[in-house]
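Please read the structure below before turning to the comments.
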Amino acid sequence: MRILITGGAGYIGSHVVHDLLERNYEILVCDNFSTGNKKNIVKHEHYKLIEGDFRDPDILNAIIDFKPKVVFHFAASKAAGESMINPIKYSNNNIRGTLFLLEKMIENEIQYFIFSSSAAVYGEPEYLPIDENHPRNPTNYYGFTKKVIEDNLEWLSKLTDLKYASLRYFNAAGYDIKGRVLGLENQPQNLLPIVMETLIGERQEMEIFGNDYPTPDGTCIRDYIHVNDLSNAHLLAMDYIIKNHANIVVNLGSEKGISVMEMIQTAEELTKKKLNYRIGQRRAGDAAKLLASSKKAKELLKWNPLYSDVKTILLTMWSVYQKNYHILS
Ligand code: UDP
């Protein structure tokens with residue numbers, strides 16, 4: 000079976016690529032390396048790469064010519080804070096780009112689409128943990144872009160043969176437990192890569208975006224899910240939509256909340272390093288607390304997260320950062 004992976008050299012995409020290759024599928028990765036890393040290119044007889052942007056019509060035609068049965072769409076911008084400052088980047092990349100891809104898929108009768116959605120579609124929680132029926136009222140533009148695509152998927156799948164999985168990631172974290180992925184993200188904006196860069200000395204200091212939230216220590220609480228657990232859910236979701244010829248929309252989270260401050264303290268303990276941080280202003284669009292119910296994914300996909308404890312998340316990340324910065328552990 001042929002599978003197209005946009006953003007397959009990026010953080011989550013590169014993990015999924017390895018898991019798909021282990022199942023012997025024929026993979027085509029399309030990546031423009033804006034945040035992806037050339038270290039994540041895989042040498043494998045079933046792996047092909049097209050370097051470029053899927054929004055470029057020539058590139059789009061080339062990837063569609065591969066005639067994939069399934070498309071995994073990771074290529075998107077994902078920094079909630081940045082989306083509030085530079086919304087055009089997000090409308091272009093996440094909304095227009097994705098619609099462009101979906102139109103081509105439908106025209107070419109490619110039926111199966113795995114979409115990287117986000118917990119950011121929910122906005123400020125009305126109740127916790129957040130299940131899939133929770134209202135979607137995004138508080139940042141990034142979340143809105145994901146909601147727009149989810150709404151389009153719902154319509155398009157009613158009107159055409161398209162079938163999709165919309166996977167609402169909570170906070171993706173950690174690195175491959177088998178050590179197959181070594182490429183770091185370029186210009187990361189999420190908490191844990193920034194914590195790692197600060198611990199390793201790439202950054203002088205980091206900022207905590209607000210400590211006056213209504214949480215026990217005043218910093219935001221998030222639900223971190225290990226990237227290998229996420230990857231596994233993608234494969235299960237693909238199997239599900241093909242087997243049942245049906246859509247699925249699920250949360251993917253660990254169902255455990257941890258605050259920014261707790262994360263920093265645990266990272267200091269595990270790495271035995273002092274992290275240089277200061278308390279800054281709140282970041283626009285941040286919800287105080289996000290926590291998943293992943294009951295639906297567990298029931299329908301038989302998904303069972305194995306690596307999403309904070310220790311495994313931090314140590315697998317630390318190991319990759321040490322390798323990249325040539326620090327002997
Ligand atoms: N955060 C922070 N400093 C940073 C980056 C993130 O304090 O340099 C906080 C951010 O405000 C949020 C949490 O860490 O409360 C997770 O942020 P991230 O951007 O990783 O994910 P998201 O908020 O989009 O779920």
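No gaps in the numbering here: position 48 of the sequence shown is 47 in numbering that gives the first Met the number 0, and each next residue is one more.
For every residue, glycine included, the Cβ atom is placed at its ideal position computed from N, Cα and C.
Item, Value
"How do the segment 230-243 and the segment 183-191 stand: do at least 3 beta-carbon pairs fall below 8 Å, yes or no?", "no"
"Could you name the residues of the same chain whose beta carbon sits closer than 7 Å to that of His137, not counting the 5 residues immediately before and after it, in chain order?", "Note on identity: in this sequence residue 137 is Pro, with His being the wrong assignment. Excluding positions up to five away in sequence, the list reads Ala119, Val120, Gly122, Phe143 and Lys146."
"Hey, Lys288 and Ile220 are a contact pair by Cβ (cut 8 Å); roughly how many whole angstroms apart?", "4 Å"
"Can you grab the Cα-Cα spacing for the pair Arg22 / Asn275, in whole Å?", "43 Å"
"So, using beta-carbon positions, are Ile312 and Ala171 closer together than 7 Å?", "no"
"Taking Gly182 as the reference, which of Leu155, Thr315 and Asn36 has the closest Cα?", "Asn36"
"Per DSSP, which residues does Asn170 bridge with? Please list them.", "Tyr223"
"Cutting at 8 Å between CB atoms, please list the residues of its own chain near Val194, excluding the five before and the five after it.", "Met205, Met262, Ile263, Ala266 and Leu274"
"Is it the case that the segment 316-325 contacts the segment 156-165, given that we only count it when at least three CB pairs across the two stretches are under 8 Å?", "no"
"Which residue marks the beginning of the beta strand (DSSP E) containing His72, and which one marks its end?", "Val69 to His72"
"Looking at the ligand UDP, does it come within less than 6 Å of Arg95, judged from the CB to the closest heavy atom?", "no"
"Opposite Phe114 in the DSSP bridges: which residues?", "His72 and Ser165"
"Is there at least one non-hydrogen atom of the ligand UDP closer than 6 Å to the beta-carbon of Asn250?", "no"
"Who are Tyr276's beta bridge partners in DSSP?", "Met205"
"Which residue comes first and which comes last in the beta strand (DSSP E) that contains Asp216?", "It is not in any beta strand (DSSP E) - Asp216 carries neither H nor E in the DSSP assignment."
"Going by C-alpha distance, which of Gln203, Asn31 and Val259 is nearest Pro215?", "Val259"
"How many whole angstroms separate the CB atoms of Gly256 and Ile224, which I take to be in contact at a CB cut-off of 8 Å?", "Not quite, the Cβ-Cβ distance comes to about 12 Å (not below 8 Å), so this is no contact."
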